[in-house]
Every structure is written in structure tokens, then in C-alpha cells.
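Here the structure is laid out as C-alpha cells; the discussion comes afterwards.
Chains as they are written, first to last, in this note's numbering: chain D, 53 to 226; chain Z, 17 to 518; chain R, 49 to 687; chain B, 142 to 241.
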């Protein structure tokens, strides 16, 4: 029975798989990042079909908006010109395909076997409850996540910062 | 005042206070370390004065819940067996600080921090009444010791320290397994006193006995797991050797007393003869091997194997004289071997050589020092009037009472002991003076201050051993009361091993 | 407890400590305190002797030393007739040696140390004889060993002296090994170490057995033999006699005090003290007699050919000590102690005489470079002559009475080996007289054989040395009169005095036999003197010829029957080799270390193989992880 | 109503694709990107199960995963830049210092 949710799901699924598959095989990293960006937007769509509006928003704002842009910057920062001409794959990629395929089959078999009891009662859902939960029960983890992010920001800056002495030395060599 | 907790954590906290001191002013660091060690010693004196010698119960007990899901307690206490070791620890640490005054020139701050930390953990080992807590201190003590040997040691220090660490760790891990098994078998508790109330099946006792044996025998060290000791002693700095010989290896024998004997009395009884045989091999083997050593510290290290053989022989004689003699001999060995290592450290500072061949005629150059060393030598060979005699005699008497052959073989250790110690003394202090030793400074005031307390203890314990023995009587009697006096059906080592098989 | 008993050992102990501490400051005055202490001790000893002579026997504990279980031992004093005699011997000889040393040791850089050690020795010896239990005996026993070690090695820069001190200590340890086991066995048997309690209970153990090392012994025999082991070591009996001749490396006053008069007789004292135990075992008594007799002959023959003046006297000491053991072995403890008493004086005199000679010769000890010293050293000459006569058993002198009593007792005893011992004793009496006078003639008569330098240096010793010689000479002559037997018009005072402690061994023989035996032994002694006179004064060329014709025997004697070499080859060298090659190199470094280092090495090698899996490519790691995950899933589904 | 298993299968496929990419690509930045794909696969599982089991914890957990992913991206890309500056390369097969 083909219903709207199923059609929507099929659309998103096909797009996600296609975009992901394309992303991992493109030669140009910039293309790969852009394909993943598109894929993330479709992921947000899937989340909407699952009633997770807040997460869909987060997926778009944080993942697509922030993280992938960061990737894009970094890709530009490294030597893109040579990158486009060099070999995409490592030498042993055919074996890796097999491993990935086997994993998928194993997981799929597991999904097929699994019996998930679906409860009838409709528990409270939606952004409101999510917010209440986050700021009451999960307040401490929430704060910790904030600190982790802050640390990551500082750490990322520290790592990416050019060591002035080293840089000048490098430039002199050039 | 929770005096035992204070004794454990005061040096550790004080070590933290040493850390921010300016590393370019070592004098101040040393002064603070000395002040801490001396105050720790003074703090431990109430243990001596207000100890009640008429009861076998634990004293100065502190008991707090700690990790509730596993029923772990923070429980401390001392009885007549352990109280003396706490005092010995605090005393020897003071001397170690003093003797390291000049000899530790590199990173003095870190050295004294490690030393004070070590002191705290060792006191913890002797006071812990909870197996879990005990195990923590038992392993924690390895870390500062590892550093002391590995950072401030001699040329082969890395080999020695890694060997020391791995050797002891292998033994300890077997004990850890034993502790967990015991925890399950003894009603989910780590409380030593509660565990000792139970009676375990004989096969379990044997298995656990051997698991604990692995840890304790390495530490003692009993033959044939003694080979870490010569390397560790030889490479360790003076203070390290003193702590190692004086206190650390006592923890093994202490473990036998505190755990093996009260927890597994039947197994102990069955294992009496194998243990005595191992002890005797240690006595003779350690003594004989000393004869051909050419390195002073190595020689003293092997002599420790021989002397600790007497200790375990006494403990496993399983009678009053043997056990009390064994405990006394542990303290004696701490004092005497500690003193010998201190003395060697004092000459090493001047000559920078440990080879016996580089010495000779030292008595003409350093006469006062020669006198001290003579006293320590005599104590090491157990001359009456020194503490060594009382311990060895009681041990031999105990061994003779339970197995006369054991005393006969062990007594040969007295002959061998006199041989290697006097030969050492002759080659170092007598004979025509070695020209290389001309112009060596005589012993100074600080060094005399280091040696005098130990020399005094040697004589005081030699003439009035009851000062110490009085502390033990009740506790030892209580301990021995737990061990069946009747001979088990068959006591041969083969039989005992066979009982281990499923 | 009377005050003088406490003072008796305490005075030398304090003197030891104070002299050691203040030595640097006292310098050449360091002898004052030790001499004062020795005098105090002598006074106290005389007071103790007076009390005992009036029947007061003291047995009191000073304080409890060791308590452990049912073991309780004290430092305590037992003063009875035996102790009193020993006290007087020890303190009197000690005082004289102290005084003598003032002259002999003058100018030595370690003068204070020497006197400190002498005081330590006096203290130790007094503790040994005063003790009222076995452990205190052992305390003194080891402490005199220590003082002996220190004094033999007094000139420790000399390797031979340091060697000799060490050898003395270690050889003695072999004896102590038996003694300590004996003491333990006494404790295990009787449950106490106090003499009085042990001796009272002693008869109760007759017939009991004890298994040691799988061998079953009669309990009394085992105890007695183990205790005797200690005596063998301390008194230098075969087979532990090797240390005493070497001990002559020490200063001569030390040899006189320790290695002649007092310490070496501690073994005899031990046997005599424990006579209630030894009496229970005829096996042990026979062993003592035979060991004594054999050592007696053995040492005397070696003494025949020695050329070092002190070594001759040392071997004669071994031989005289053996007489004392023969006496104890045949049950005549009183005679043994009597000989100990007289021997102390004439042997100390001999040694101090030797010391005077060596002093005059500037340290030379070889008799071959002496001779004709009579005119240079008159006082030494005359006192030495008296001592030699005394040891040879010349009638009327001290040695005569004591030796004669021993021979009489050995002849009349019912101990199996008594007659054998008597015969040996007689032979040795002859040999003793011969070598004593050989030494005497070689030293004092004939022509001076040393260098002219030495001749110019010759002088009689100062009065501080000769006065002790004269006093000892008085002792060497008169000490024996205390025990002159009834047939010579005496009253056997000594035996009566000792009877309460040592029992009374009566010789039940007709007066004629007694006269005959006495005559034979006197004849043996006198003929020995005559032979020495003949060989070394009248026909000085003869000894050389004899040496030629019995060269093989001579070689064995000069080399002391190669006993030292035997021990080195059988005990010392194998032990060193075993230590170096078997234990150190093989067992420890190869076997145990092989396992200890081998296991980590094995792990290291295995991990080296496994390491090749580690390429460094992070993707390989993840691929392995993913394969693992797949494997896990499959396993999960299958199970 | 879309069956739960569809979502789960989609998530598994996404995860497998991410894995494949990680294992095969030389460029470490792209490898990082593939990790994001795998994370998304896992997130999808959580959200789907959260929806079907009527339990908000799945969503909350996903929220934290995204937060951590952001942190990880910041640090990881910082490392990548540092690496590139030191090695002049972002190719995984030229960086094997884990071997030592």
C-alpha cells in the first residue's frame, strides 16, 4: 500500500543513499563536501518524518550549516590543486568494499531478525517535552556538552594556530 | 585524633607542599623534607607510648564506609605485630632524608616528594585492615619506589627498576585474584578481621595460600624469586636501598603474618615444611653466594636473602619463639641492613666505588666510621649483645622445637654469615691501606647523627629485647591459637601439591 | 646480690666504653682507667672468693633478658667454687697483663684502642664465667671471641694479622654451631636454661632418645657432644685447633691473656660447669678423653720443630689444654680445673717472657736468630726458666702437681680410654719437657745468631714489664701447692674446695702405685730436659743431622700435618668455587635469571612477530575492527 | 506507516557507505567526512527507535551526539591543519608513524 509517508521515505532514502554513495567516490573533495551537505538536508527531512522537529532543525543548522562549512574551509586551506590530480583511493580499496558489504549484510540480517515491541501508548513528544527533559533531567550532561564544545573550540584554535616561530622559519626556507 | 590516618596522609600532603618550592634552593627543600620526616616520627611516638600491650585487639582503629556497593571500608588499625613496623618506617625515613642530604644532587625536590610519598604508602600497608585498602597501598608504594630507583639510581637503574616493578607486580596480581576469590568466599567483605572469622575449605585455603604466597614471597624475597633484590639494591640510591632493605621487604613477611597465617591456618600448617625448606635454601644459598661477590651493595643484598630466610623460617616454625623471633628479626634486619646501606652510602659519597677491590685499610683513614661498621657487621652476624643475636636465636630455637633438622641446617647460616661479613670487613677496613683512599675525609657530624640512633638501637635491643617482645606476646599468642597444632595427616610437599589438583 | 658482683664485670665494661670514647684525648695515659678497672675487678674477685670460701654461694638474676613463650632467660650471676677460682685466675692475670702492656705497647699509635679491647675482653670473660645460665655463657663465649678477633687483628694493616683474626672467629663459629644447637636441645629437653634447674633435672633424662637428622642418639650423649663441640672450637682441640697458632699474630700480651691463660680454657670451664650432664654419658666422656689425648700428642709433636718462639708456646698451650680435657674426660673435673689454674700462671709467664724477648729483639720472633740472651735479659731468663721447669713437671713446681694428678686420675679411672690417655700423657710429658727446653736453650744459651744491629739493641725490659714477670713466676711456683696430694704431706685442699661443684674423683690405688706413677712422669720430664740439653747445648750439630735423616717426618711436622692446607682444599676453596661458579654464575645468573629474563624475552619475540600486523595505516586498523564487528555479529547470530 | 525496519536498513546502509569511504579514501579530510556519515547512520537509528518506542531519550542522545560531533570536527580539522603544515600531506597512506 503506497501511502504518502512511504513515498516520502522512499524519496529521502534514495536521495540519501545516492548522495552518500556519490560523496565517497568523487575525486574532488569540494564536491564530496557539497554532496554530503545535500545529504544532510535530506537527513533532516527523514527526521521530520519521525517527528523529531528539533533535531531536524539542529541537523540543518549545526551539521549542514556549521560543521560542513568548516570542512569546506579546511579543504580549501590544504593543497587543493594537487589533490584533484592525485589518486582518490588507497591501494587496497576492493577488499574494503567487501568488508563494508559484509557489515551491511550482517546488520541487515540482524534488522530482519529483530522483533521490536512497539508500545501503543503515545508518550509525550515534541519540542516542548524535549526542552523540559533537556533542562531538568539532563541538565548536567547538557552543561557538560557545552563545556566540551568550548574546550573543543579552544583546542581547535590551539591546534590550527600557526606557530609563529615555525612559520617564519618555513617562510624563510621558501 | 585519627592518628593512623594522620600518619598516612601527613607525609603525602606535606609532599604536595614541597612541590611549589623553588627548585634552585635545594637547602630549603631539604630542610622542609627533614622537618616533615621528623614531625612524622614524633607523631608516631604516641603509638609506642599509649599502645596497650595486654590485648590482641586492633588499636587506634578507624573505620569508615567507603565504596558501598562492594562493601569496601576505609579501615585502619594496628596490633602488636604491626605497630613496630610503623615506628621503624618513620624512624628510617628520617635517616634516609639525612643521608640523602649531599648524595642527591639532581632533582632534589622530586626525590624528597617521592620519599615522603613512599613513607605514607608504607605506613598505609602496615595499618590497613581492609584487603582492598591494603592492596591499594601495596601497589601504590611501587610507584615512588620505581621512581627512586629509576631516576636517582646507578648506571643500570632502568633495568633494575623495571625488573623490580615487573617481579613484584606479577606476584601482586596473583594476590589480587586471590583477594577477589576470598571476597566471594568470605561473604562479600574485604574486612580482614571478619574474613578471619570464617573457616574455609582446605582446598580453597591451599589455592589462596599459594596466590598470596606469590606476592609475599617475591617481596620477602624468598628463594628462588629473589633475583630482583641484588639488582634493585645495587642500583638504588642509598636512601632507596635503606627503605628497600629496611621496610619494603618486610612487607612480604608481614603479609604472611597478617593474611596467610590467620586466614588460611590449615593451609599454613600443611605448608609448614615446604616453607621451612625454602627458607633454609634461602639462608644457605644467600649466604654462600655472598662469598664470591665483588660489589659491596650486592653482597649486602644477598645477605638480605639469607637473613630474610631466617625470618620466614621463624614465622613458619609456628610456635611462639619462632614467630616472635621472626618478627624481631624483621625489625633487626631493618635496622642492621639499613645501617649497613647507610654506611656504604657514606663511603660511596667519598670514593664513588662499590667494588670491594677498591677498598682496604679504611680503618686507618676513618677509624670512627670503622667502629660503627664493626658494630653493624657484628649485629649482622648475630653476635650476642646485638639485636641480631636475639632474633636469630629465637628463630633457631623455634625451628628446633618444631623441626630439629631445620635448625641444624639453618645454623650453618651462622658460620657462612660470619665468613662473608668478616671477609668483607677485612677487605674494606683492614689489610694494607689502599693508596687510592688517602686523604678521604673522616666521618662528619651529620653522618654520625645518622648512624648513632641505629647503633644505639642495635645495642638496646640486644640487651633489652623485651622492650619489643613485650609488644608482641599477646598478639602472637592470639595468632598462633588459630593455627591447628595437630600434625595434618600428611604434610609432605608432594601431598600438598596433590591436594591442589582437582 | 652483693654489690661487688655487679661491680666485677661493670668496671671493665665502663672502662672499655670510656677508653674507646676518650682515647684520642687520653693518648699515652689511656692505660690508667683500664688498669684501675682491672684492679677493682681483682678486688671484687677476691671478695667473691672469700665469700665462697666461707660457704656463701650466690645464684641471682640481674634482670630478665629475653622472654618469649616459655623461654625466659636472664642476665644473672652464679658464684660458686668453680666460678670463684676462674674469677681469680681471670682478674689476676688480666691485671698483670694490663700492667705489662704499658711497657710492651708503649708508643703504639693505637695505644688507647689496645687497652679498650683488653677491658672488653676482661668484661666478656667475666660474663662468661659468672653466668648462671647457658645463654649468658654463650653471650660471654661469643664476646670473648669478638675481643680475641679484635686483638689478634689489632695490627690490622698487616694482612696476616687480619687473616688470623678472621680465621679465629670463623673456626670458632664451627664450634659455636654445635654449642648453640646444644643449648637449644637443653632448652627443648628441660624447658629452661638455668644451670641449677637443668642440673637438678639432668638425671631424669637418662635413657631418653632424640632423633636428629634421622639418626637416633641417647639424649644425654647428644647434649654432651653438642656442648663439647663448642669447647672444641674455643679450646682449639682437633679438628678445630687451626686458629690458635695463627692467633699469635696478635700482640704478645694478648697471647698471654687470651690464648694461654683465660679464653682458651673456657672450653674446659664449660665441660666442668656442665659436669652433671657429661656424667650421664660415658660415650661423651670417652670422646672427650680420646680427643684430648690425640690433640695432646698431635700438638706436642708439631711444637718440636717450630722455630717461631710464640708458635712453640702456642702449640704447647694446645697440648696443655688437652691435658685438661683428658682430666675432664676421665671424670676428674677438679684436676682439670686445677691444671687450668696452674697452667694459667706458668703459660702466661712463658708468653710474657717471649714478649720480653721479642721486645728486646725489636720484633724478631724466630729462635734461629736468637741465642745467648741470658746475659742481656737476666730477669727474663730466670723467670722463663722457672716457667719451663714448671711446664715440664719438675717436682715442687706448679705444673708438677696438676699434671701428676691428671695422669694419676687417667690411670685409675674406669673410663675405657683412660689408660690410653695416661700413656699418651706420659709420652707428651716427655716431649713437652724436651721442646720447652729446646726453646729455652735456643733462646738464652749458646751464641747470639742475630744481626749486629739487633745485638746493639738488646736490653732488659723496663720494670713495668719485669715486675709482672716476677709476680707470675711466684704463681708458677706456688700455685700448685694448693693442691698438693696427701702422699706428699699436703691436704688436697683444691679437691676439697671444689668438691661441692665438681664432685670428688678418688683414686683408689695403693700408695706404692701412686709413688710409682709419679716417679715415671717425673722421670719422663727430666729425661726430656736432659735430651734438650744434650742436643742443643752439648752437641748443637746433632739436630741438623736428625733433621736430615728424618726429612719426611720433619716436613710433615713443620707443615703442621698439612691440616690447614687440607681445610683449604676441602672446605674453603670448594665453598668459594661453589659460590662463584655454581651459585652465582649458574644457579642465579643462568637458571633463575634465565627464567626471569626468558619469559619476558619470549613475550618480546612473540610480540615482534605480531607487530608486523601493525602497518601504521589507520585504515588497516579500522578494517580489522570492522571485520571483527562482522565476526562478532555472526557469532551472535549463530549462538 | 513506514515499518521501523526500513529506517534501520537505511541507517545500516548509510553506516556501511561511510565505512567504505573511510576505508578507501586517501584524503584524510574526506575520511573525516565519512565518519560523519557513519555518525548520521547511528543517529538515524536512535531517532527512529525513539519514535517507535515513544521514548525521548533517543532524541536527547542524538542531540548530544551532534554536539560531540561538532567538537570532534573542530578538533579533528585542527589536527588536520597541523598535520598538513608539518607533513605537507593529508594522505593517510603517507602517515604511518603509528607503526613505531
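Idealized CB from N, CA, C, for every residue including glycine.
Asked                                                                                                                       : Found
Residues in the segment 373-399 of chain Z having any Cβ partner in chain R nearer than 7 angstroms                         : 377, 379, 380, 394 and 399
Backbone secondary structure at residue 400 of chain Z - three-state DSSP                                                   : strand
Residue 82 of chain R, buried or exposed, once every other Cβ within 10 Å from all chains shown has been counted against 16 : buried
Where residue 179 of chain R sits in the DSSP three-state scheme                                                            : strand
Pairwise C-alpha distance: residue 188 of chain D and residue 69 of chain D                                                 : 37 angstroms
Residue nearest to residue 694 of chain R in terms of C-alpha spacing, selected from R:67, R:86, R:75 and R:93              : Outside the modelled stretch of chain R, which goes from 49 to 687, sits residue 694 of chain R, for which no answer is possible.
Three-state secondary structure assigned by DSSP to residue 297 of chain R                                                  : helix
Coarse secondary structure for residue 393 of chain Z, derived from DSSP in three states                                    : helix
Assigned secondary structure, residue 168 of chain B (DSSP; H/G/I helix, E/B strand, else coil)                             : strand
Distance CB(residue 387 of chain R)-CB(residue 371 of chain R) smaller than 7 angstroms                                     : yes
Residue-chain proximity (residue 95 of chain D, chain B), Cβ-Cβ < 7 angstroms                                               : yes
Inter-residue Cα distance where the pair is residue 201 of chain Z and residue 86 of chain Z                                : 14 angstroms
Residue-level contact to chain B via CB, residue 672 of chain R, 7 angstroms cutoff                                         : no
Below-7 angstroms beta-carbon distance, residue 105 of chain D vs any chain B residue                                       : no
Contact with chain R by residue 187 of chain B, beta-carbon distance below 7 angstroms                                      : no
Three-pair Cβ contact test at 8 angstroms for the segment 228-240 of chain R versus the segment 256-275 of chain R          : yes
Partner residues on chain R for residue 162 of chain D, Cβ-Cβ distance less than 9 angstroms                                : 681, 684 and 685
Top-ranked residue by Cα proximity to residue 634 of chain R, from Z:389, Z:243 and Z:416                                   : Z:243
Which residues DSSP lists as bridging residue 111 of chain R, in chain order                                                : R:123
From R:159, R:84 and R:190, residue whose alpha carbon lies closest to that of residue 399 of chain Z                       : R:190
Proximity test, Cβ basis, 7 angstroms: residue 663 of chain R and chain D                                                   : no
Simplified DSSP assignment, three categories, for residue 1 of chain R                                                      : Residue 1 of chain R cannot be examined here, being either before or after the span of chain R that is shown, 49 to 687.
Same chain only: Cβ atoms within 6 angstroms of residue 414 of chain Z, ignoring 5 sequence neighbours per side             : 330, 333, 335, 337, 338 and 341
Integer Cβ distance of residue 171 of chain R from residue 61 of chain R, believed to fall under 8 angstroms                : 4 angstroms
Buried or exposed (CB count within 10 angstroms, at least 16 for buried), residue 209 of chain D                            : exposed
Contact with chain R by residue 500 of chain Z, beta-carbon distance below 7 angstroms                                      : no
Reduced DSSP category for residue 228 of chain B - H, G, I as helix; E, B as strand; rest coil                              : helix
Within-7 angstroms CB hit, residue 97 of chain R to chain Z                                                                 : no
Neighbour-count burial assignment, residue 161 of chain R, 16 or more Cβ in a 10 Å radius                                   : buried
Rounded straight-line distance, which links the Cα of residue 163 of chain B to that of residue 210 of chain B              : 16 angstroms
Among Z:451, Z:143 and Z:31, nearest to residue 373 of chain Z - alpha-carbon criterion                                     : Z:451
Strand pairing of residue 151 of chain Z, partner residues [DSSP]                                                           : According to DSSP, residue 151 of chain Z bridges with nothing at all.
CB contact check: residue 185 of chain D to chain B, cutoff 7 angstroms                                                     : yes
CB-CB length for residue 580 of chain R against residue 485 of chain R, believed under 8 angstroms                          : 4 angstroms
Residue-level contact to chain B via CB, residue 200 of chain D, 7 angstroms cutoff                                         : yes
Neighbour-count burial assignment, residue 544 of chain R, 16 or more Cβ in a 10 Å radius                                   : exposed
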